[in-house]
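Residue numbers (this note's numbering): 16 to 434.
Glycine included, each C-beta is placed from N, C-alpha and C at the ideal position.
Bear in mind the structure is a predicted one, so any value in this text is a computation, not a measurement.
Working notes, structure below.
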């Protein structure tokens, strides 16, 4: 929200963000809204709440181990999601509130004054909200897909759920004026739904990253274990199977031990913890599972790591989900590339994400081969990590650059709607 809005406003555009009310469960809101950006938080009835960043900060212990297993609530949620996928979303009332006969005055004023409406997914209800506003106020709409809605390899749901999501996604996309996705494979998928589909990368915001880099001391890994960090959600496809296989072999032959390296996972790491307990209990002392941290703290952890662990597509995607799996380019990948730290990527170099890491620097290790990982973990490149210079390619991935491409697209959509 903050990064693109910031660069839009600097180009002389007024931006209003309509979003759901954030609660303590959503965590700490650390984004600073720049001049020219207004945030309207809506409750489930469509009423506007006063916006105040950081009002939900809750002190957390520095280390709070992630628990393995699943609670009864989690089991129930998983069952519902398997049956109905993403459709039963808690933000559906937010979308439905735009169908009410009377909107909050602030909301109606913002929509009437808008030249274009942009809706971002996931989650999917903002897409529904945008189409409702398009019909009601006759405004052009751009639907922005950070992940695929239908046939998404990272989203839960059985065959019935996927069959429900596909026609809904197709219908919403067809009613938009244009679509935006984050990669060429994803654009190829959505061009089947709408001919005017564009690729604009997630990218990274250079300003907060530079601010962190300016106040952090250079990484010095002497006289301590190497710290390899993974930030964010772990799914079945994000388990570093080649790395784990290599680490297990090396430990079995006493060539590595936990005093030499530690892997730190921040965020929802239950899937990884369960996998370790079931398949690699011998490696438990190499891993720590820590709670989610704020965005600013996350950047600090990234730039002070010895290596950054990245993993995608460690299991083959299901039939019909190949486009989603091949087109994933997460924001975290771009932040890793711009951080100046070497990446330990458990992914094939021929994949889209893998090719970005290879192109960014030859100091990044990119492989899905267990033997290659075994050799690399014993190498000086791994044992004595060096800072990675930012290449011209990485500079081109910044959101400052991507925002200008986005603005040109929005200007074209607005001009076409007025022609």
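Q: With DSSP collapsed to three states, give me the class of residue 299.
A: helix
Q. Per DSSP, what kind of secondary structure is residue 277 in: helix, strand or coil?
A. strand
**Q.** Closest residue to residue 116 among 61, 131, 106, 324 (Cα-Cα distance)
**A.** 61
Q. When the Cα of residue 133 is compared with those of 146, 274, 163, 268, which residue comes out closest?
A. 146
Q.
Below 8 Å, how does it come out for the segment 410 to 422 and the segment 289 to 303: are there three or more Cβ pairs, yes or no?
A. no
Q: Could you tell me whether the segment 250 to 259 touches the segment 351 to 365, using the rule of 3 or more Cβ pairs below 8 Å?
A: yes
Q: Compute the Euclidean distance between the alpha carbons of residue 215 and residue 274, then round it to the nearest angstrom.
A: 43 Å
Q: Can you grab the Cα-Cα spacing for the pair residue 242 / residue 196, in whole Å?
A: 34 Å
Q: Spell out the partners DSSP gives residue 326 in its beta bridges.
A: 361
Q: Put residue 88 into one of helix, strand or coil per three-state DSSP.
A: helix
(Q) With the cut-off set at 9 Å, would you say residue 354 and residue 131 are in Cβ contact? (A) no
Q: Keeping to the same chain, check which residues put their C-beta closer than 8 Å to that of residue 267; ignore five residues upstream and five downstream.
A: 297
Q: Note down, one range per segment and in chain order, each beta strand (DSSP E) of at least 3 residues found wholly within the segment 106 to 150.
A: 132 to 136
(Q) I'd like the list of long-range same chain contacts for residue 211, defined as Cβ closer than 8 Å, with 5 residues on each side in sequence excluded. (A) 192, 193, 194
Q: Using beta-carbon positions only, say whether residue 356 and residue 381 come within less than 9 Å of one another.
A: no
Q. If you draw a straight line from the C-alpha of residue 386 to the C-alpha of residue 305, how long is it?
A. 29 Å
Q.
Which same chain residues end up closer than 7 Å to residue 374 when comparing Cβ atoms and leaving out the 5 residues on each side of it in sequence?
A. 408
Q | Cβ-Cβ separation, residue 156 to residue 33 (assumed contact under 8 Å), whole Å | A | With 8 Å as the limit, residue 33 and residue 156 do not qualify as a contact, their Cβ atoms being about 13 Å apart.
Q | Residue range of the unbroken alpha helix (DSSP H) whose run includes residue 371 | A | 367 to 375
Q: Pull up the distance between the alpha-carbon of residue 20 and that of residue 30, whole angstroms please.
A: 7 Å
Q.
To the nearest angstrom, how far is the alpha carbon of residue 24 from that of residue 158?
A. 20 Å
Q: Can you say whether residue 9 is buried or exposed, counting buried as having 16 or more other CB atoms within 10 angstroms of its CB?
A: Missing from the structure shown is residue 9; the chain here goes from 16 to 434 and no further.
Q: Select from 94, 399, 141, 93 the residue whose C-alpha is nearest the C-alpha of residue 114.
A: 141
Q. If you drop the 5 nearest sequence neighbours on each side, which residues of the same chain put their C-beta closer than 6 Å to that of residue 190?
A. 146
Q.
Spatial neighbours of residue 70 within its chain, please: C-beta separation below 6 Å, excluding the five flanking residues on both sides.
A. At residue 70 the pLDDT is 49, less than 50, meaning the model places this residue with poor confidence; the figure from the coordinates comes in the next sentence. Cβ neighbours of residue 70 beyond the five flanking positions: none.
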